[in-house]
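Visitor: The numbering used here applies: residue 323 is where the sequence shown begins, and numbers increase by one. Take this structure, written in structure tokens, and hold onto it; I'll ask about it next.
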Amino acid sequence: MLSPYSTSNNGSSFAMMSCVRLVFDIATLWKFGSINKEKILNRAIFLETIAAIPGMVAAIIQHFRSLRNMTRDRGMLNMFLEEANNERMHLLTFICMKEPGTVFRAAVIGAKFGFGRFFLAAYINPAWCHRFVGYVEEEACHTYTRILREMEDAPRGSELARWKDKDAPKIARGYWAMGEDGTVYDEMKAVRAD
């Protein structure tokens, strides 16, 4: 893990990520009761809707900077756009497994308004935002690692054990080139690796 207190950017971005994580844990009921398919999908969908924002924001800022300075961006714009698209593909694969309801969609819209401020923060202090995104990505890896562990440890015949071996959505099998026998477990491993 990155050292959260080696610089003021690290400390404040780590503190902000910790606050966001707490709200996220409560909103997705992650810390309450046992982990099941419903909780995993709620958490993954919510996480991936938010995860696409920083890449797109960074791409927009990079684009404006390149235009303003009349210079090349050394490939940064495409890298940020690819990252945003990758996160969007994660979201699309999870939406194939569960159609979010009205309340869930409202919560996502509310969260996006909060992350709309991320654009201003990224414009003022891009280093802080890059550090924040780094911490968020690290937390996402922890989340997907826990999901994989829960799937591996699920009692035989349980809902989670059966779901683990189900076919991944077609879009996931194509995006990660899993072949026809790609499972939900394989999809979770691919998302974590991204």
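Even glycine gets a Cβ: it sits at the ideal position worked out from N, Cα and C.
State the CB to CB distance for the pair Lys486 and Met500, rounded to an integer number of angstroms; the pair is presumed to be in contact (CB under 8 Å).
Guide: Taking the first residue of the sequence shown as position 1, residue 486 is located at position 164. Taking the first residue of the sequence shown as position 1, residue 500 is located at position 178. So it is not a contact: roughly 14 Å between Cβ atoms.
Visitor: Can you tell me the Cα-Cα spacing of Thr522 and Arg365, whole angstroms?
Guide: Residue numbering for the chain in the displayed model covers 323 to 516; residue 522 lies beyond these limits and cannot be assessed.
Visitor: Going by the DSSP bridge assignment, what does Asn347 pair with across the sheet?
Guide: Counting from one through the sequence shown, the residue named residue 347 turns up at place 25. Per the sequence shown, residue 347 should be read as Asp rather than Asn. Bridge partners of Asp347: none, in fact.
Visitor: Nearest to Arg396 by alpha carbon, out of Val513, Ala381, Glu409?
Guide: Within the sequence shown, residue 396 is the residue found at index 74, counting from 1. That would be Ala381, whose Cα lies nearest to the Cα of Arg396.
Visitor: Could you give the DSSP three-state label for Asp503: helix, strand or coil?
Guide: One-based indexing of the sequence shown puts residue 503 at position 181. The answer is coil: DSSP assigns Asp503 none of H, G, I, E or B.
Visitor: Would you check if the segment 337 to 350 and the segment 373 to 391 touch, i.e. whether three or more CB-CB distances between them fall below 8 Å?
Guide: The answer is no - the segment 337 to 350 does not touch the segment 373 to 391, with fewer than three Cβ pairs under 8 Å.
Visitor: Using the C-alpha atoms, what's the distance from Phe454 back to Ile493?
Guide: Residue numbering aside, residue 493 sits at position 171 when the sequence shown is read from its first letter. Residue numbering aside, residue 454 sits at position 132 when the sequence shown is read from its first letter. For Ile493 and Phe454, the distance between alpha carbons rounds to 30 Å.
Visitor: By DSSP, does Asp489 sit in helix, in strand, or in coil?
Guide: Taking the first residue of the sequence shown as 1, we reach residue 489 at position 167. The answer is strand: DSSP assigns Asp489 an E or B state.
Visitor: Looking only at C-alpha atoms, which of Asp489, Lys359, Met401, Tyr445 sits nearest to Phe386?
Guide: Position 64 of the sequence shown, counted from the start, is the residue given in the question as residue 386. Cα-wise, what sits closest to Phe386 is Tyr445.
Visitor: Determine the DSSP secondary structure at Gly423, reduced to helix, strand or coil.
Guide: In the sequence shown, residue 423 corresponds to position 101, counting from 1. The answer is coil: DSSP assigns Gly423 none of H, G, I, E or B.
Visitor: Closer than 7 Å by C-beta to Asn408: which residues in its own chain qualify, once you throw out the five before and the five after it? Chain order, please.
Guide: Within the sequence shown, numbered from 1, the residue matching residue 408 stands at position 86. Hits under 7 Å: Asp516.
Visitor: Thr415 by DSSP, collapsed to three states: which one?
Guide: To locate residue 415, count along the sequence shown from 1; it is residue 93. In this structure, Thr415 counts as helix in the three-state DSSP scheme.
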